[in-house]
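There are 2 protein chains.
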Amino acid sequence: MSEWRKDPIVDRWVIISTERGKRPNDYKDILEEKKTQECPLCVGKEKLTPPEIMAYREPGSQNDTPGWWVRVVPNKYPALRIEEESSLSQHGIYMAMNGIGAHELIVESYRHEPGLDTQTEKQVEEVIWVWRERSLDLRKDSRLKYIQIFKNTGPVAGASLEHTHSQLIATPLVPVEVGQELEGAREYASRHGSCIYCDIVSQEIAEQYRVVVESENFLSFNPFASRFPFETWIIPKEHQYDFGQIREEMVRDLAGILRTTLRKISVMIKNIPYNMVLHTSPVNIREEGYYHWHLEIMPRLTIMAGFELGTGYFINPTPPEMAAQALRDTEEFYPLHERSNQEVYHYV
Amino acid sequence: MSEWRKDPIVDRWVIISTERGKRPNDYKDILEEKKTQECPLCVGKEKLTPPEIMAYREPGSQNDTPGWWVRVVPNKYPALRIEEESSLSQHGIYMAMNGIGAHELIVESYRHEPGLDTQTEKQVEEVIWVWRERSLDLRKDSRLKYIQIFKNTGPVAGASLEHTHSQLIATPLVPVEVGQELEGAREYASRHGSCIYCDIVSQEIAEQYRVVVESENFLSFNPFASRFPFETWIIPKEHQYDFGQIREEMVRDLAGILRTTLRKISVMIKNIPYNMVLHTSPVNIREEGYYHWHLEIMPRLTIMAGFELGTGYFINPTPPEMAAQALRDTEEFYPLHERSNQEVYHYV
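Which chain is which? The protein sequence lines are A and B, in order. When we follow numbering that gives the first Met the number 0, the leftmost residue of the first sequence carries the number 0, and every step to the right adds one. When we follow numbering that gives the first Met the number 0, the leftmost residue of the second sequence carries the number 0, and every step to the right adds one.
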């Protein structure tokens, strides 16, 4: 059973995850390369995961058997569990809470490929629909306050499985990072009467320096204060605070611009490790209408070291204007992977 | 010339460091292992670094020649420079500031060894004296508001040079991480009339669960909400807000407990990568008397991935009680490195 523990000084919670419990001796060979075993996310290996929560699959095919093209399963070593009852406990000056929440894995393809970038546009669209569906479903549990969808690609970025997948962790708290963005947006709105993200979109489109791609509904750009080289945000041009508000034609458009952005980044630097997070407004609390949902893609070419951990500031050796220019100039053409684009996405 | 850029939404500054400027093409082989060249921090290689700022050296020996046992030099690729004039600029909704600050490298031994743990206790003491001396010297520049001393050990933790060294970055801003700790401490003091860090020390000593080592003046322990497996803090038992307040006998004591702690960690897990940061009160602003300086040692056995970056929360698979027990039970005896402990630290 996992436990949420609050830092006694700052607003930071840590999940002490005994499910994935590592005893001190388990780290002895942490630095040795892990050998890949049978991939539990591949088609035909459905029994290697816990029973599926949902899947987009061929009509008539059975749960936990082939026939799917996107599949959602509970994390085998969940950091949090939905079944827990919520209860706070005080230990002297310290505070803890049991490990309520949800931890799911979204298998983004039945094929063993390492990224979303080599999937068809239609397949990326299906993945986005699944993100939306899980987000709408989980918020029915009123104890959950935030649904964090994220993706780790490459071992350096924390991916322990190579097969392309994203994850979802739903928490009973509004995370501190999101809370700070909400507060910044709220404060800006009270001073300027407008959404700061909308104003960023306007300035970026007007200036063009940091734009990577623009589509009908979205802007893909390198933020002014990029923490990481090639950090890229994808944001809806119209004001939507909640990812759940995305409309059908926007899903299609997002699939295109997300895939193009990931392809540009991956053509630019082969095997680039990156994290992607979907920031959206919290759920089951008062509406945060001044927020504005967006995707943040954070390539991990630099290392967060003592300065970053000690200060919370970042050192980025590549100005975003230079990064965006390079990404604009990069063709998204994949000579080696072209096959993927010709294939139909359905498993047959 | 580097530039500080403020995130338009949250209180986060990024140093866009053109000094260490990496053009997009420079990352092409980022994942390939770097081959070690001649170590610029070894004795006899003093000309490979910028001229030294200070050194503890044999009487009569010349600057930038052998004879030193601790040596401070400007970082060859500084993220910040002290010579800059401070000036803010506004770009639409964005704010930037030129790259004022200082970035120094503290060479912790003339010998090419990878850690502080294999140094003599006397040598560790000398390093702490240097940290103190640089901290007291830099604060004379009233533009500087924080002096962040930190240490990266191992490539995974961001160390680009193997030779044992720490770094110092002085900033014209109070970093957000420190600001949050200050605010937490201030708020606790206003509610309880006491220092939260002092109260943590009391509870940890009373409970013993998370204590690694205790000395006359210091406590080494794994914090209740440890972000990382084996995260260890070393804190003075008496209330001191500013590291500059450390007394002579405390320096000797800190050298002992710091070395013992690092040795236990390094015996427990060979070649463990870690970051260490010294958190202390800001300088040149109103006194933050309710703060309490301390060292944070953060082993990097887990990877900060999408969840951590997206939420600001952490997942730690090893409870601090279990980690502390293992560290308490670990002998700090170094069969392979014993030589180092027998040697005198002076270069002769």
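Even glycine gets a Cβ: it sits at the ideal position worked out from N, Cα and C.
Discussion item. For a cutoff of 8 Å on Cβ pairs, would you count Glu-213 of chain B as touching chain A?
Written reply: Taking the first residue of the second sequence as 1, we reach residue 213 of chain B at position 214. Not one chain A Cβ lies under 8 Å of Glu-213 of chain B.
Fill in: 8 Å Cβ cutoff met for Phe-223 of chain A and Leu-253 of chain A
Taking the first residue of the first sequence as 1, we reach residue 223 of chain A at position 224. Taking the first residue of the first sequence as 1, we reach residue 253 of chain A at position 254. The answer is no: Cβ separation not under 8 Å.
Worksheet item: Starting from Ile-264 of chain B and walking both ways along the alpha helix (DSSP H), at which residues does that stretch end?
Response: If you number the second sequence from 1, residue 264 of chain B lands on position 265. Element bounds for Ile-264 of chain B: 247-267.
Fill in: Between the CA atoms of Val-200 of chain B and Lys-269 of chain A - distance to the nearest angstrom
Position 270 of the first sequence, counted from the start, is the residue given in the question as residue 269 of chain A. Position 201 of the second sequence, counted from the start, is the residue given in the question as residue 200 of chain B. Each residue's alpha carbon lies about 48 Å from the other.
Worksheet item: Measuring CB to CB, does Thr-163 of chain B end up less than 8 Å from Gln-147 of chain B?
Response: Locating residue 163 of chain B in the second sequence gives position 164, counting from the first residue. Locating residue 147 of chain B in the second sequence gives position 148, counting from the first residue. Not in contact: Thr-163 of chain B and Gln-147 of chain B (Cβ atoms no closer than 8 Å).
Discussion item. Please list the terminal residues of the continuous beta strand (DSSP E) segment that includes Ile-148 of chain A.
Written reply: Position 149 of the first sequence, counted from the start, is the residue given in the question as residue 148 of chain A. Segment 145-152, the beta strand (DSSP E) holding Ile-148 of chain A.
Worksheet item: Do His-278 of chain B and His-238 of chain B have their C-beta atoms within less than 8 Å of each other?
Response: As a working mapping, residue 278 of chain B is identified with position 279 in the second sequence. As a working mapping, residue 238 of chain B is identified with position 239 in the second sequence. Not closer than 8 Å, so no.
Worksheet item: Helix or strand or just coil, what does DSSP make of Thr-310 of chain A?
Response: Counting from one through the first sequence, the residue named residue 310 of chain A turns up at place 311. Of the three classes helix, strand and coil, the one that applies to Thr-310 of chain A here is helix, per DSSP.
Worksheet entry | Alpha-carbon to alpha-carbon, Ser-225 of chain A and Met-96 of chain B | Within the second sequence, the letter at position 97 stands for residue 96 of chain B. Within the first sequence, the letter at position 226 stands for residue 225 of chain A. So the alpha carbons of these two residues sit roughly 15 Å apart.
Worksheet item: Helix or strand or just coil, what does DSSP make of Asn-24 of chain A?
Response: Here residue 24 of chain A is taken as the residue at index 25 of the first sequence, counted from 1. Asn-24 of chain A falls in the helix class under three-state DSSP.
Practice prompt. Please determine, among A:Pro-298, A:Gly-305, A:Val-175 and A:Met-0, the residue with the shortest C-alpha to C-alpha distance to Leu-82 of chain A.
Written response: Here residue 82 of chain A is taken as the residue at index 83 of the first sequence, counted from 1. Sequence check: residue 82 of chain A is Glu here, not Leu. Selected option, being the one with the closest Cα: A:Met-0.
Practice prompt. Could you have a look at Phe-223 of chain B and say whether DSSP puts it in helix, strand or coil?
Written response: If you number the second sequence from 1, residue 223 of chain B lands on position 224. Here Phe-223 of chain B sits in coil by DSSP.
Item to complete: Please state whether DSSP places Gln-166 of chain B in a helix, a strand or coil.
Response: Here the question's residue 166 of chain B lines up with position 167 in the second sequence. If DSSP states are grouped into helix, strand and coil, Gln-166 of chain B belongs with the strands.
Item to complete: List the endpoints of the continuous beta strand (DSSP E) containing Leu-104 of chain A.
Response: Translated into positions along the first sequence, residue 104 of chain A becomes position 105. Where Leu-104 of chain A is concerned, the enclosing beta strand (DSSP E) stretches over 101-106.
Worksheet item: Who are the near neighbours of Thr-64 of chain B in its chain, counting only those whose CB is closer than 8 Å to its CB and skipping five residues on each side?
Response: Taking the second sequence and counting its residues from 1, the one referred to as residue 64 of chain B is at position 65. Excluding residues within five positions, the ones whose Cβ falls inside 8 Å are Glu-45.
Worksheet item: Going by DSSP, which residues form a beta bridge with Phe-217 of chain B?
Response: As a position in the second sequence, residue 217 of chain B is number 218, starting the count at 1. According to DSSP, Phe-217 of chain B bridges with B:Pro-235.
Discussion item. Measuring straight from C-alpha to C-alpha, what distance separates Glu-230 of chain B and Asp-116 of chain B?
Written reply: Translated into the one-based positions of the second sequence, residue 230 of chain B becomes position 231. Translated into the one-based positions of the second sequence, residue 116 of chain B becomes position 117. In a straight line, the C-alpha of Glu-230 of chain B is about 16 Å away from that of Asp-116 of chain B.
Worksheet item: Would you report the Cα separation of Glu-107 of chain B and Arg-299 of chain A, rounded to the nearest angstrom?
Response: In the second sequence, counting from the first residue as 1, residue 107 of chain B sits at position 108. In the first sequence, counting from the first residue as 1, residue 299 of chain A sits at position 300. Taking the straight line from one Cα to the other gives about 29 Å.
Worksheet item: Which one or two residues does DSSP pair with Tyr-273 of chain A in a beta bridge?
Response: Within the first sequence, residue 273 of chain A is the residue found at index 274, counting from 1. Tyr-273 of chain A pairs with A:Thr-152 and A:Pro-298.
Worksheet item: Once you ignore the five residues that flank Ser-265 of chain B on each side, which residues in its own chain have a CB closer than 7 Å to its CB?
Response: By 1-based counting over the second sequence, the position of residue 265 of chain B is 266. So the qualifying residues of the chain are Gly-114, Asp-116 and Ile-271.
Fill in: Beta-bridge partners of Gln-61 of chain B, as assigned by DSSP
Residue numbering aside, residue 61 of chain B sits at position 62 when the second sequence is read from its first letter. DSSP lists no partner for Gln-61 of chain B.
Worksheet item: Skipping 5 residues on each side, what residues in its chain have a beta carbon closer than 7 Å to that of Val-175 of chain A?
Response: Taking the first residue of the first sequence as position 1, residue 175 of chain A is located at position 176. So the qualifying residues of the chain are Asp-10 and Arg-11.
Worksheet item: Does the beta carbon of Asp-198 of chain A come closer than 8 Å to any beta carbon on chain B?
Response: Stepping through the first sequence from its first residue, residue 198 of chain A is reached at position 199. Chain B, which has a Cβ nearer than 8 Å to the Cβ of Asp-198 of chain A, makes this yes.
Discussion item. Taking the alpha carbon of Leu-181 of chain B as the reference point, which residue from B:Met-321, B:Ser-280 and B:Gly-311 has its own alpha carbon closest?
Written reply: Within the second sequence, numbered from 1, the residue matching residue 181 of chain B stands at position 182. Nearest option by C-alpha distance: B:Ser-280.
Item to complete: Mark Leu-257 of chain B as exposed unless 16 or more other C-beta atoms lie within 10 angstroms of its C-beta, in which case mark it buried.
Response: Position 258 of the second sequence, counted from the first residue, corresponds to residue 257 of chain B. Buried, because 16 or more other Cβ atoms sit within 10 Å of the Cβ of Leu-257 of chain B.
Item to complete: If I'm right that Phe-313 of chain B touches Glu-320 of chain B with Cβ under 8 Å, what's the distance once you round it to whole angstroms?
Response: The sequence position of residue 313 of chain B within the second sequence is 314, counting from 1. The sequence position of residue 320 of chain B within the second sequence is 321, counting from 1. Contact flag wrong, Cβ pair sits at about 17 Å.
Worksheet item: Hey, Val-348 of chain B and Tyr-109 of chain B are a contact pair by Cβ (cut 8 Å); roughly how many whole angstroms apart?
Response: Here chain B has residues from 0 to 347 only, and residue 348 of chain B is not among them.
Worksheet item: Just by C-beta distance, which residues in the stretch 139-153 of chain A are closer than 7 Å to chain B?
Response: Gln-147, Phe-149, Lys-150 and Asn-151
Fill in: Whole beta strand (DSSP E) elements within the stretch 73-135 of chain A, 3-residue minimum
87-90, 93-97 and 101-106
Worksheet item: Mind checking if Ile-127 of chain A is an interface residue toward chain B, Cβ cutoff 8 Å exclusive?
Response: One-based indexing of the first sequence puts residue 127 of chain A at position 128. Taking Cβ atoms only, chain B never reaches closer than 8 Å to Ile-127 of chain A, which makes this a no.
Discussion item. Can you confirm whether the stretch 124-136 of chain A touches the stretch 68-83 of chain A when touching is taken to mean that 3 or more C-beta pairs between the two stretches lie within less than 8 Å?
Written reply: yes
Discussion item. Bridge partners for Tyr-55 of chain A per DSSP, in chain order?
Written reply: Stepping through the first sequence from its first residue, residue 55 of chain A is reached at position 56. Paired residue(s): A:Val-69.
Fill in: Alpha-carbon to alpha-carbon, Gly-153 of chain B and Tyr-289 of chain A
Numbered from its first residue, the first sequence carries residue 289 of chain A at position 290. Numbered from its first residue, the second sequence carries residue 153 of chain B at position 154. Approximately 43 Å, taken between the alpha carbons.
Discussion item. Strictly below 7 Å CB to CB, what residues from chain A border Ser-189 of chain B?
Written reply: Within the second sequence, the letter at position 190 stands for residue 189 of chain B. Going along chain A, no residue has its Cβ under 7 Å from Ser-189 of chain B, so there is no contact; the nearest lies around 14 Å.
Worksheet item: Residues in its own chain within less than 7 Å of Ala-325 of chain A by CB, not counting five upstream and five downstream?
Response: For the purposes of this step, residue 325 of chain A is taken as the residue at position 326 of the first sequence. Contacts found: Met-267.
Worksheet item: Between B:His-293, B:Leu-167 and B:Val-282, which lies nearest to Cys-197 of chain B when the distance is taken from Cα to Cα?
Response: What you label residue 197 of chain B is simply residue 198 of the second sequence in a count that begins at 1. That would be B:His-293, whose Cα lies nearest to the Cα of Cys-197 of chain B.
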